[in-house]
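Chains as they are written, first to last, in our numbering: chain Z, 256 to 330; chain H, 35 to 612. Don't be surprised by glycine CBs; every beta carbon is placed ideally from N, CA and C.
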Ligand code: SF4
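Have a look at this one:
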């Protein structure tokens with residue numbers, strides 16, 4: 256299935272900003288995080304699918320947009 | 035020697051130095067400015083009249099070696115909101131006040147001569163009143179240059195530009211930072227209060243310094259170490275903030291559908307990538323600016339930065355998400371360099387970069403300029419506002435008054451103050467803070483974005499009502515306490531997620547003053563401050579009907595999540611039950 260993966264802040268470095276990627280049906284958000292080795296850069300801060308916060312156990316659906324941010328803040 | 039209160043009377047051009055009354059002893063920063071304003075200022079007074087007072091107070095830990103403790107508070111009755119105001123700032127003033135042993139500087143009355151502006155020069159046991167006709171009509175950097183030429187480099191400078199002289203509601207009080215640039219007591223029109231008192235600038239001389247006394251230096255050192263470590267080890271304050279500044283929020287809010295766009299008509303913007311923190315960081319790297327920079331000595335987080343143009347020439351520093359959002363998604367400018375140029379100009383002019391940018395965005399609805407017309411926005415900012423043309427005066431009065439003048443309904447304010455950067459319908463906890471804080475719509479008063487969006491201090495679903503009132507209440511209480519310590523509010527990220535951080539902060543206060551406060555005491559201090567401010571507002575005529583968001587948010591659905599503001603008045607008023 257097709258999923259759009261968007262990366263932000265430090266996660267972009269030597270990866271990409273946004274890409275359409277292929278995943279098997281049943282793939283979880285955690286698998287996306289693991290295969291991109293994001294947490295070797297910085298712990299996961301915010302995970303959103305289609306603009307809503309979800310848990311890493313979320314099972315991705317065809318056409319989902321998943322957004323991944325390391326721990327960042329501001330104000 | 036104990037700290038003292040310096041009390042200045044502008045009607046007489048005289049001053050008194052007083053002992054600190056025992057009831058003020060345990061207070062600093064916001065706790066002290068709000069207490070003094072609540073006790074001494076008639077809530078019904080005109081904010082620009084003889085009975086308002088302008089109060090400055092460094093935080094309890096300012097002047098010590100504690101990390102991030104260099105924030106100075108300014109307070110008064112606000113000409114923008116008509117309620118109480120506290121605004122704190124980095125820069126060099128807090129440390130210098132503390133080291134001179136000044137617990138608070140209280141400025142009263144108005145001078146009799148209509149046309150003379152003064153420099154107040156504060157030194158150990160003395161305040162001089164120096165007429166400065168040569169500085170009238172000048173903006174902040176010219177004032178800074180003049181003061182740097184006059185004194186050695188260690189003088190703290192607080193000043194207003196032309197817009198403060200004209201007593202516009204968007205005027206701030208600007209403060210010199212360690213690198214000779216400016217930070218500001220931004221919100222609420224405190225620059226207009228200073229202008230009404232005919233004070234062009236205040237200088238505080240660092241000669242006759244004493245190091246602040248620490249009751250238990252060993253204990254202080256130990257607690258300070260733990261505290262600094264907590265800030266450095268926290269992924270947000272240790273990595274995220276230094277690398278990308280606060281502007282990293284553009285993409286997060288955009289993704290969450292909470293980035294107010296086209297004057298709060300949508301929650302995301304198709305051009306966010308042009309102005310986001312990642313783009314900003316790339317530009318800084320390519321052009322030789324600085325991604326990390328502290329607004330005061332002793333900041334270990336360094337969320338500030340130096341942003342240069344393509345030629346590598348300085349454009350601005352302290353380039354914050356809220357300003358970038360307002361000139362970007364809200365007003366439509368897609369060119370980050372132009373936004374930076376306007377931010378730098380706002381420093382020099384001495385205006386609140388949030389209120390000014392929010393009002394410029396609303397000016398699109400008023401038909402004054404087109405969405406995204408950066409050239410016209412720059413002209414309004416560089417010409418109309420500082421020279422006080424009629425349209426400049428209306429813009430300079432702030433978002434609320436522009437809305438009234440042009441008969442607009444969709445006016446994003448609470449208590450007359452412009453709503454910044456976080457869409458209340460899609461970040462509902464932040465909406466509760468905007469509605470209830472005594473300061474008018476102020477994001478820093480209780481930053482529920484942390485828990486609604488950033489997963490700091492847990493997670494409360496931003497689109498649901500459950501848990502938001504409690505969240506906003508707890509954060510506002512904690513913030514009122516932190517604002518009294520002199521700490522920058524970004525220590526909150528470590529405090530929310532690291533159990534060692536808050537106790538270390540309390541230990542530092544105890545070691546500094548030789549007292550034995552508990553965390554509960556500090557929380558109670560926060561509650562007391564908040565209630566005191568609320569009481570002042572009620573006496574000033576602001577009641578629960580003012581604790582509300584703009585009505586259009588109740589009946590206009592916000593894309594992409596198609597949400598409205600759905601709290602009832604009673605639900606919001608629950609906030610004050612503590
Ligand atoms: S973190 Fe930012 S706002 Fe806070 S003290 Fe440092 S530079 Fe100033």
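Check: residue i C-beta below 6 angstroms from any heavy atom of the ligand SF4
i                     : result
residue 329 (chain H) : yes
residue 522 (chain H) : yes
residue 39 (chain H)  : no
residue 518 (chain H) : no
residue 130 (chain H) : no
residue 208 (chain H) : no
residue 335 (chain H) : yes
residue 122 (chain H) : no
residue 281 (chain H) : no
residue 218 (chain H) : no
residue 338 (chain H) : yes
residue 102 (chain H) : yes
Proximity test, Cβ basis, 7 angstroms: residue i and chain Z
i                     : result
residue 120 (chain H) : no
residue 261 (chain H) : no
residue 280 (chain H) : yes
residue 286 (chain H) : yes
residue 489 (chain H) : yes
residue 136 (chain H) : no
residue 283 (chain H) : yes
residue 274 (chain H) : yes
residue 589 (chain H) : no
residue 389 (chain H) : no
residue 185 (chain H) : no
residue 453 (chain H) : no
residue 466 (chain H) : no
residue 527 (chain H) : yes
residue 593 (chain H) : no
Buried or exposed by the 16-neighbour rule on C-beta atoms within 10 Å, applied to residue i
i                     : result
residue 549 (chain H) : exposed
residue 183 (chain H) : exposed
residue 355 (chain H) : buried
residue 291 (chain H) : buried
residue 37 (chain H)  : buried
residue 316 (chain Z) : exposed
residue 358 (chain H) : buried
residue 288 (chain H) : buried
residue 492 (chain H) : exposed
residue 476 (chain H) : buried
residue 389 (chain H) : buried
residue 275 (chain Z) : exposed
residue 260 (chain Z) : buried
residue 518 (chain H) : buried
Member of the options whose CA lies at the smallest distance from the CA of residue i
i                     : options                       : result
residue 265 (chain Z) : Z:274, Z:278, Z:285 and Z:296 : Z:296
residue 456 (chain H) : H:465, H:450 and H:448        : H:465
residue 252 (chain H) : H:577, H:598 and H:541        : H:541
residue 177 (chain H) : H:471, H:209, H:131 and H:599 : H:209
residue 438 (chain H) : H:206, H:164, H:399 and H:560 : H:399
residue 271 (chain H) : H:405, H:101, H:316 and H:379 : H:101
residue 146 (chain H) : H:54, H:219, H:53 and H:46    : H:46
residue 501 (chain H) : H:511, H:482, H:204 and H:230 : H:482
residue 314 (chain H) : H:432, H:353, H:206 and H:304 : H:353
residue 395 (chain H) : H:307, H:309, H:298 and H:375 : H:298
residue 444 (chain H) : H:565, H:300, H:546 and H:480 : H:300
residue 324 (chain Z) : H:309, H:269 and H:163        : H:269
is_contact[residue i, chain H] using C-beta, thresh 7 angstroms
i                     : result
residue 327 (chain Z) : yes
residue 301 (chain Z) : yes
residue 306 (chain Z) : yes
residue 311 (chain Z) : no
residue 330 (chain Z) : yes
residue 263 (chain Z) : yes
residue 322 (chain Z) : yes
For residue j and residue i, believed in contact at Cβ under 8 angstroms, the rounded distance
i                     : j                     : result
residue 130 (chain H) : residue 40 (chain H)  : No, residue 130 (chain H) and residue 40 (chain H) are not in contact; Cβ-Cβ is about 13 angstroms, not under 8 angstroms.
residue 520 (chain H) : residue 103 (chain H) : 5 angstroms
residue 553 (chain H) : residue 470 (chain H) : 23 angstroms between Cβ atoms; not a contact.
residue 578 (chain H) : residue 531 (chain H) : Not a contact, Cβ separation roughly 33 angstroms.
residue 584 (chain H) : residue 446 (chain H) : 6 angstroms
residue 206 (chain H) : residue 385 (chain H) : 6 angstroms
residue 484 (chain H) : residue 328 (chain Z) : 7 angstroms
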